[in-house]
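Have a look at the structure below, then the notes.
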Ligand code: CAA
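Take a look at the structure:
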């Protein structure tokens, strides 16, 4: 473990937050996950336990290591339980107001003024979240990829106010403690990966919307024609169509380029509650 960070907090226990917490705990880090209430905290625990079980079944983790990881995790509904953390990663819904509120609250709760507050945002400016605190030099973007236990990348995104020491500390944590690969990006909407990925996903939605090809054929095309592990519409379903739409809106807000504009079909599906895997139906249907 890096000398710098031994106690991590994660705010939000959805698919990203649970994945980040799992990876921290599997790396030997004492991890507290905070959700909005006891029911959501329980659901977050179940999510992590299910993923650890999957890792054991797939031969990626021993039963003992899985149990040890679970023992390093605490699930709570009180943000105050993050007071002694050295690094907190915010992974709540991709909404500017919700994230700003979390940062303002964390700034008051996390006692060590040297502690780092990180955001797993995919597309919102890190700077604005830093400005909601009195420690903008200790606020940074730490963007993981879904499924977090499987994908090795983390984007590290310093804002104009982030200190070099903060960036070095979190890069060391990502690489040496979590064993992941870090790439650095400037604080622009979409960073490196989503600036490239999201226009591609939106193009696939437009292709389905226009009737040019079926969702199945679009996905099969990219899987078998380009050796992608998933087709773009399956991937949008995995990310969550609400999240894809939110990222697209942030990109469009930032760059005002039509390739980032969320297509009407995507908006209608979000309004209809067809959000992909998490609701059982999106471009495809799930059990
Ligand atoms: N812990 C550790 N390893 C696990 C695991 C877990 N909980 N669950 C699965 N794995 C491993 C499996 O053992 C397997 O490893 P091997 O290939 O060595 O056997 C591998 O992960 C794949 O798992 P599965 O065989 O169960 O599943 P799959 O082959 O159908 O792959 C997938 C599923 C990993 C999701 C793959 O389809 C994939 O990589 N898809 C692309 C995902 C992607 O692009 N994600 C980025 C989304 S963008 C994002 O997240 C950022 C954003 O801001 C929107």
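Numbering (the numbering used here), first residue to last: 203 to 489. Glycine is no exception: its CB is placed at the ideal position from the N, C-alpha and C atoms.
7 Å Cβ cutoff met for residue i and residue j
i, j, result
"residue 407", "residue 465", "yes"
"residue 452", "residue 397", "no"
"residue 443", "residue 484", "yes"
"residue 229", "residue 379", "yes"
"residue 361", "residue 328", "yes"
"residue 280", "residue 246", "no"
"residue 363", "residue 336", "no"
"residue 450", "residue 395", "no"
"residue 387", "residue 357", "yes"
"residue 350", "residue 446", "no"
"residue 318", "residue 340", "yes"
"residue 174", "residue 275", "With the chain represented from 203 up to 489, any question about residue 174 goes unanswered, as that position is not in the structure."
"residue 393", "residue 359", "yes"
Spatial distance of residue i from residue j (CA atoms)
i, j, result
"residue 313", "residue 459", "42 Å"
"residue 463", "residue 404", "8 Å"
"residue 438", "residue 470", "15 Å"
"residue 294", "residue 300", "7 Å"
"residue 290", "residue 220", "13 Å"
"residue 412", "residue 474", "19 Å"
"residue 370", "residue 323", "19 Å"
"residue 305", "residue 250", "24 Å"
"residue 206", "residue 342", "16 Å"
"residue 282", "residue 373", "26 Å"
"residue 424", "residue 307", "43 Å"
"residue 172", "residue 260", "Outside the modelled stretch of the chain, which goes from 203 to 489, sits residue 172, for which no answer is possible."
"residue 367", "residue 212", "21 Å"
"residue 273", "residue 454", "42 Å"
"residue 239", "residue 467", "33 Å"
"residue 266", "residue 418", "41 Å"
"residue 486", "residue 252", "23 Å"
"residue 316", "residue 385", "23 Å"
"residue 210", "residue 271", "13 Å"
"residue 330", "residue 344", "15 Å"
"residue 480", "residue 428", "26 Å"
"residue 254", "residue 218", "15 Å"
"residue 402", "residue 303", "31 Å"
"residue 434", "residue 422", "9 Å"
"residue 332", "residue 241", "30 Å"
"residue 389", "residue 432", "28 Å"
"residue 248", "residue 436", "24 Å"
Contact test: residue i Cβ vs ligand 2 heavy atom, cutoff 6 Å
i, result
"residue 436", "Among the ligands present in this structure, namely ligand 1, ligand 2 is not found."
Beta-carbon proximity list for residue i, same chain, < 8 Å, skipping 5 on both sides
i, result
"residue 278", "234, 235, 236, 237 and 243"
"residue 409", "415 and 420"
"residue 309", "319, 334, 335, 336 and 337"
"residue 222", "212, 291, 293, 322, 346 and 350"
"residue 489", "482"
In DSSP terms, what residue i is bridged to
i, result
"residue 232", "209"
"residue 383", "355"
"residue 343", "321 and 359"
"residue 487", "483"
"residue 275", "233"
"residue 289", "210 and 318"
"residue 478", "483"
Sequence-distant residues of the same chain with beta carbon closer than 6 Å to residue i, five excluded per side
i, result
"residue 355", "347 and 383"
"residue 456", "391"
"residue 257", "263"
"residue 203", "In this predicted model, residue 203 has a pLDDT of only 43, less than 50, meaning its place in the structure is not dependable; the value taken from the coordinates is given anyway. Result list for residue 203: 230 and 379, in chain order."
"residue 448", "296"
"residue 478", "439, 442, 443 and 484"
"residue 381", "none"
"residue 476", "483 and 484"
"residue 461", "401"
Contact set for residue i: own chain, Cβ-Cβ below 7 Å, skip 5 residues either direction
i, result
"residue 208", "231, 232 and 288"
"residue 285", "311, 312 and 313"
"residue 472", "443, 444 and 447"
"residue 430", "424"
*What is the chain-ordered set of residues for which the beta carbon lies under 5 Å from any non-hydrogen atom of ligand 1?*
Environment of ligand 1, chain-ordered: 253, 256, 257, 260, 262, 324, 347, 348, 351, 352, 431, 432 and 441, taking every residue with Cβ within less than 5 Å of a heavy atom.
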